[in-house]
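Enquirer:
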Amino acid sequence: VSAGVELSRCASCAAAFFPARLLCPRCGGGQWQSEYVRDGVVEEVTTVQRAIGATAPEPRLIATVRLPGGQRVIARLERPLAPGSDVTLTRDGGALSAR
Amino acid sequence: MRASIVGAAEATYTRHPQAGRDTNAFLADAVTLALRDAGLAAAQVDGLAVSSFSLAPDHAIDLAWRLGLSLRWLLEDTNGGASGVDMLGHACRAVEAGDASAVVILAGDAQDAAGVAARQATFNRATAEHLAPLGYGGPNSLFAMLTQRQMRACGLERSDYGALAIAQRAWAAGNPGAAYREPLTLDEYMRAPPVADPLGRYDCPPQVAGADALVITPQRGPGVRVRALLRSFNHDHQESDGLRTGHAALAPGLWNSAGAGPADIDVACVYDDYPAIVLAQLSDLGFVVDGELPRFVREVIAPRARAINTSGGLLSAGQAGAAGGMHGLVEAVQQLRQRATGRQVASARLALVTGYGMVAYRYGAAAAAAVLEMAR
Numbered sequence: 275v276s277a278g279v280e281l282s283r284c285a286s287c288a289a290a291f292f293p294a295r296l297l298c299p300r301c302g303g304g305q306w307q308s309e310y311v312r313d314g315v316v317e318e319v320t321t322v323q324r325a326i327g328a329t330a331p332e333p334r335l336i337a338t339v340r341l342p343g344g345q346r347v348i349a350r351l352e353r354p355l356a357p358g359s360d361v362t363l364t365r366d367g368g369a370l371s372a373r
Numbered sequence: 049m050r051a052s053i054v055g056a057a058e059a060t061y062t063r064h065p066q067a068g069r070d071t072n073a074f075l076a077d078a079v080t081l082a083l084r085d086a087g088l089a090a091a092q093v094d095g096l097a098v099s100s101f102s103l104a105p106d107h108a109i110d111l112a113w114r115l116g117l118s119l120r121w122l123l124e125d126t127n128g129g130a131s132g133v134d135m136l137g138h139a140c141r142a143v144e145a146g147d148a149s150a151v152v153i154l155a156g157d158a159q160d161a162a163g164v165a166a167r168q169a170t171f172n173r174a175t176a177e178h179l180a181p182l183g184y185g186g187p188n189s190l191f192a193m194l195t196q197r198q199m200r201a202c203g204l205e206r207s208d209y210g211a212l213a214i215a216q217r218a219w220a221a222g223n224p225g226a227a228y229r230e231p232l233t234l235d236e237y238m239r240a241p242p243v244a245d246p247l248g249r250y251d252c253p254p255q256v257a258g259a260d261a262l263v264i265t266p267q268r269g270p271g272v273r274v275r276a277l278l279r280s281f282n283h284d285h286q287e288s289d290g291l292r293t294g295h296a297a298l299a300p301g302l303w304n305s306a307g308a309g310p311a312d313i314d315v316a317c318v319y320d321d322y323p324a325i326v327l328a329q330l331s332d333l334g335f336v337v338d339g340e341l342p343r344f345v346r347e348v349i350a351p352r353a354r355a356i357n358t359s360g361g362l363l364s365a366g367q368a369g370a371a372g373g374m375h376g377l378v379e380a381v382q383q384l385r386q387r388a389t390g391r392q393v394a395s396a397r398l399a400l401v402t403g404y405g406m407v408a409y410r411y412g413a414a415a416a417a418a419v420l421e422m423a424r
């Protein structure tokens, strides 16, 4: 379990992005600093009933979460939450989780 | 553009891949049919562009070899739902410049559910690293949330998306090539198995097997021509809500270049991976005069007051992978040539075709649009 979402902040103009970019869309800079963000607010939630090709339904909650800097990330919800809910983001293995 | 579209064909879409009929078989059929339509022999073809999610490990050169084509111009396009219009633009420039004299543009896929799932899990690096591990279930979840945003921003209800799906199904009844032609009722739409709320079964294009092809030559006499064609890639860096597509960026240039506006369009083939994306594109391209999408659905889409997605679109005709980006082009050409039997729009002269696709992280990053005309 990691500290949260890994944001990439441009060393030249301080704009921050997720996922990581190669060059900054604002200033063209290529030097980045990582920082971790744990706080977010749920914007939308959907229940995916089953993945294409899945034989049995395995419902899961997928959410759009807005970070304090305005970036939006896609995360898995542990339990149903309404839009507007404050959440804490953690990264379990490869999966970003909001609770 | 000084080029003519002289052949168009769709290798019949089938709901399920058939034994021994892989992607290559459908691509070969589409080429054969399009060349027959154009009255050209394979030996006369000197350019090929192809888009497919299931060519691997082959590339365009391998396909050219298998198709028996000896070429001086070759392109593999990887812009998904925008690839059809994109390839058309490249092909027109190639024949204008004299780099080729007869170009086939081609797209198709024949993937089963497992193939589609595998493609969705490894669609790009961001997907493989950040979406697949969530069990995101493919783009349905992303467009479900985009649809929620559009409902909130524009005051749309689920039944409005239903009206669009029902109208396209009504058009499909006139298209013998559509995979789904039975009338759809609002009750059936509302009660359909949920996919990812608010999306249900009829909001998602059914995956089929098939392929589409066009033949492009230097301009010759009367026929179908491309009056304007523009693209937009990565217009907002995935930093917005996705409700404003790349079409908003290309629309002013498109209409200026076409010397026409939305009101002049007789037939519109609008890329319809989801109903919300049809509405977003029509809005971005200026079809919704007062910006009131609920009214537009009620007064234009539902009564089919304008000819939009006359083939039934991907939602009813089916989506054969990358062929989804060419399906609307083939339909527009057939309409302009007055060959859209069963659904012909009387005296169709100007057509709009849009493409949209390639979800970079949260929504499509590629858009392309063309205005086609029947020149007499």
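Here the protein sequences come in this chain order: A and B.
For the first sequence, this note's numbering assigns the number 275 to the initial residue and increments by one for each residue that follows.
For the second sequence, this note's numbering assigns the number 49 to the initial residue and increments by one for each residue that follows.
Quick reminder that beta carbons are idealized off the backbone N, C-alpha and C, glycines included.
The structure presented is a predicted model; accordingly, all values stated were derived computationally and were not measured.
On the three-state DSSP scale, how would you describe B/Cys317?
Expert: Note: B/Cys317 maps to strand in three-state DSSP.
Enquirer: Quick one: grab the DSSP three-state call for B/Val336.
Expert: coil
Enquirer: Enumerated in chain order, which unbroken segments of the alpha helix (DSSP H) with a length of 4 residues or greater are wholly contained in the segment 231-286 of chain B?
Expert: 234-239
Enquirer: Consult DSSP for B/Glu347 and reduce its assignment to one of helix, strand or coil.
Expert: helix
Enquirer: Return the chain-ordered list of same chain residues with a C-beta closer than 6 angstroms to the C-beta of A/Trp306, the five sequence neighbours on each side being excluded.
Expert: Ser282
Enquirer: Taking 9 angstroms as the cut-off, decide whether the C-beta atoms of B/Phe101 and B/Ala417 are in contact.
Expert: no
Enquirer: If you run the structure through DSSP and keep just helix, strand and coil, what is A/Gln307?
Expert: strand
Enquirer: Please list, in chain order, the residues of the segment 189-209 of chain B that have any C-beta partner in chain C closer than 8 angstroms.
Expert: Absent here is chain C; the protein component of the structure consists of chains A and B.
Enquirer: With respect to the beta strand (DSSP E) encompassing A/Cys287, which residues constitute its N-terminal and C-terminal limits?
Expert: Segment: none, A/Cys287 is in no beta strand (DSSP E) and carries neither H nor E.
Enquirer: Once DSSP output is grouped into helix, strand and coil, what is the label at A/Glu317?
Expert: A/Glu317 falls in the strand class under three-state DSSP.
Enquirer: Once the 5 residues before and after B/Asp70 are set aside, which same chain residues still bring their CB inside 7 angstroms of it?
Expert: Ala158
Enquirer: Which residues in chain A have a C-beta closer than 7 angstroms to the C-beta of B/Gln367? List them in chain order.
Expert: Per Cβ cutoff of 7 angstroms: no residues; B/Gln367 is ~12 angstroms from chain A at best.
Enquirer: According to DSSP, which residues form a beta bridge with B/Met422?
Expert: B/Val272
Enquirer: Which residues of the segment 79-111 of chain B have a Cβ closer than 8 angstroms to any Cβ of chain A? Give them in chain order.
Expert: none
Enquirer: Secondary structure at B/Val425, three-state DSSP: helix, strand or coil?
Expert: Lying before the first or after the last residue shown, residue 425 of chain B is absent from chain B, which here runs from 49 to 424.
Enquirer: When you check each C-beta in the segment 285-297 of chain A against every C-beta of chain B, which residues fall closer than 7 angstroms?
Expert: Residues passing the 7 angstroms Cβ filter: Pro293.
Enquirer: Roughly how many angstroms separate the alpha carbons of A/Asp360 and A/Val316, rounded to a whole number?
Expert: 7 angstroms
Enquirer: Is B/Gln319 close to chain A, meaning its C-beta is less than 9 angstroms from at least one C-beta of that chain?
Expert: According to the sequence displayed, residue 319 of chain B carries Tyr and not Gln. It does not: the Cβ of B/Tyr319 has no partner Cβ on chain A nearer than 9 angstroms.
Enquirer: Would B/Leu194 and B/Leu298 be called neighbours here (beta carbons separated by less than 9 angstroms)?
Expert: no
Enquirer: Measuring alpha carbon to alpha carbon, tell me which residue in B/Gly360, B/Arg343, B/Arg279 is nearest B/Cys317.
Expert: It is B/Gly360 whose Cα lies nearest to the Cα of B/Cys317.
Enquirer: Please report the straight-line C-alpha distance between B/Ala511 and B/Leu154, rounded to a whole angstrom.
Expert: Only positions 49 to 424 of chain B appear in the structure, and residue 511 of chain B is not among them; the question remains open.
Enquirer: Run the CB neighbour count on B/Asn172, radius 10 Å, all protein chains shown included, and call it buried at 16 or more, exposed below.
Expert: A residue is called buried when at least 16 other Cβ atoms come within 10 angstroms of its Cβ; B/Asn172 does not meet this threshold and is exposed.
Enquirer: If I'm right that B/Gly372 touches B/Gly186 with Cβ under 8 angstroms, what's the distance once you round it to whole angstroms?
Expert: Contact doesn't hold; Cβ gap of about 14 angstroms is too wide.
Enquirer: Measuring only between beta-carbons, confirm whether B/Gly183 sits less than 9 angstroms from chain A.
Expert: True, the Cβ-Cβ gap to chain A drops below 9 angstroms.
Enquirer: Beta-carbon within less than 7 angstroms of B/Val79's beta-carbon, same chain only, minus the 5 sequence neighbours each way: which residues are those?
Expert: Leu115, Val152, Leu154, Ala261
Enquirer: Starting from B/Ser207, trace the alpha helix (DSSP H) in both directions and tell me its first and last residue.
Expert: 206-220
Enquirer: Going by the CB atoms, is the gap between B/Ala399 and B/Val315 shorter than 9 angstroms?
Expert: Closer than 9 angstroms, so yes.
Enquirer: Taking C-beta pairs closer than 7 angstroms, name the residues in chain B that A/Glu318 reaches, listed in chain order.
Expert: Met193, Gln196, Arg197
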